[in-house]
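Only one structure is covered here, and it is reproduced in the block below.
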Amino acid sequence: MLAIDAAAYASPWRRVHPAAKGLFFGGLLVCALALPTWPAAPLVAAVALSAAFGPARVSPRAFARTAWGPLLFIVTGSLTLLVTVGGPEGAVALDPEGPARAGEITGRAAAAVCCQLLFAFTTPLADLLPRLTRIGLPAALVEVVALIYRMLFVTLDSARRVQTAQAGRLGYVDRRAWVRSVGSLGAALFVRTFHRAQRMQRGLECRGYTGELTVLVDELPLRPAALVAAALPPLLVAAATAAYVFIGARP
Numbered sequence: 001m002l003a004i005d006a007a008a009y010a011s012p013w014r015r016v017h018p019a020a021k022g023l024f025f026g027g028l029l030v031c032a033l034a035l036p037t038w039p040a041a042p043l044v045a046a047v048a049l050s051a052a053f054g055p056a057r058v059s060p061r062a063f064a065r066t067a068w069g070p071l072l073f074i075v076t077g078s079l080t081l082l083v084t085v086g087g088p089e090g091a092v093a094l095d096p097e098g099p100a101r102a103g104e105i106t107g108r109a110a111a112a113v114c115c116q117l118l119f120a121f122t123t124p125l126a127d128l129l130p131r132l133t134r135i136g137l138p139a140a141l142v143e144v145v146a147l148i149y150r151m152l153f154v155t156l157d158s159a160r161r162v163q164t165a166q167a168g169r170l171g172y173v174d175r176r177a178w179v180r181s182v183g184s185l186g187a188a189l190f191v192r193t194f195h196r197a198q199r200m201q202r203g204l205e206c207r208g209y210t211g212e213l214t215v216l217v218d219e220l221p222l223r224p225a226a227l228v229a230a231a232l233p234p235l236l237v238a239a240a241t242a243a244y245v246f247i248g249a250r251p
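Going by our numbering, the first residue of the sequence shown is number 1, and it counts up by one from there.
What follows is the structure in structure tokens.
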């Protein structure tokens, strides 16, 4: 099981209805993308992290291990905004407005990544997917996502088994052996995944599959008070940002 899935199943917020968590983190995500970056992005990140490390009891270490990749991608991508190419100042030159644009994009994207990751850390995908059809998503699309999600764990397990067997035969003892073992791992993984997909298709057809997988879903209570509590932090962030902009615009 992936670390983020294990954290989601162990989260105390798992018993909270996904709609309430979606309203909370989704509202913060909209604030991060739609409102002015400063101070909306820092406020969104602070509220999301406070809720995650507080009531939701998300492990800061697990969150850092998961978030460093997307955040590093955001930072490296924003560095390109610091320069201009082919302008009157030369082939490559520093852009005077580059730092402001890079800071705005970095702030928005980092806050949005925090909201999305923290929603994943508190909501197992198995609890979310069966409910997506109730809000109008096509059942075929949800089924494809569910099958890919299930096959992902099978593929990762097969990769770990093959890699362990290769390591036991000194398959990673030097660089040449490492390259050869990685190539063999990819080939074996493709063949095994293809055969498992075929077996799954035959199994579904033998069980009368008609295009919809029926699964049991835990019924979680959705109380109006929970929706109000989930909507309140995004509204406060929006109000604080509007007040800041209004005060800054006054002469």
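Note that beta-carbon positions come from the ideal geometry of N, C-alpha and C, so glycine has one too.
Reduced DSSP secondary structure (H/G/I, E/B, other) of residue i
i	result
Val-92	strand
Thr-123	coil
Val-113	helix
Val-58	coil
Val-85	strand
Asp-218	coil
Arg-131	helix
Glu-97	coil
Arg-108	helix
Tyr-244	helix
Gly-103	helix
Arg-223	coil
Distance CB(residue i)-CB(residue j) smaller than 8 Å
i	j	result
Leu-227	Ala-20	yes
Val-58	Phe-119	no
Leu-185	Thr-155	no
Asp-127	Asp-5	no
Arg-131	Pro-12	no
Leu-129	Ala-146	yes
Cys-115	Val-16	no
Ala-8	Arg-14	yes
Gly-27	Ala-231	yes
Alpha carbon of residue i to alpha carbon of residue j, nearest angstrom
i	j	result
Ala-112	Ala-238	15 Å
Ala-102	Pro-234	25 Å
Ala-56	Ala-243	29 Å
Arg-180	Ala-165	14 Å
Glu-143	Val-30	27 Å
Thr-133	Leu-125	14 Å
Ile-105	Pro-39	13 Å
Element boundaries [alpha helix (DSSP H), containing residue i]
i	result
Ala-178	Just to set this straight, residue 178 is Trp in the shown sequence, not Ala. Per DSSP, Trp-178 belongs to the alpha helix (DSSP H) from 175-206.
Gly-26	18-34
Tyr-149	139-168
Leu-2	Note, Leu-2: premise wrong, no alpha helix (DSSP H); not H, not E.
Tyr-79	The sequence as given places Leu at residue 79; Tyr does not occur at that position. It is not in any alpha helix (DSSP H) - Leu-79 carries neither H nor E in the DSSP assignment.
Ser-11	Neither: Ser-11 is in no alpha helix (DSSP H) and is coded neither H nor E.
Cβ distance (whole Å) where residue i is taken to contact residue j below 8 Å
i	j	result
Phe-25	Ala-48	7 Å
Val-85	Leu-94	The pair is not a contact, with the Cβ atoms about 11 Å apart (cut-off 8 Å).
Ala-110	Leu-71	6 Å
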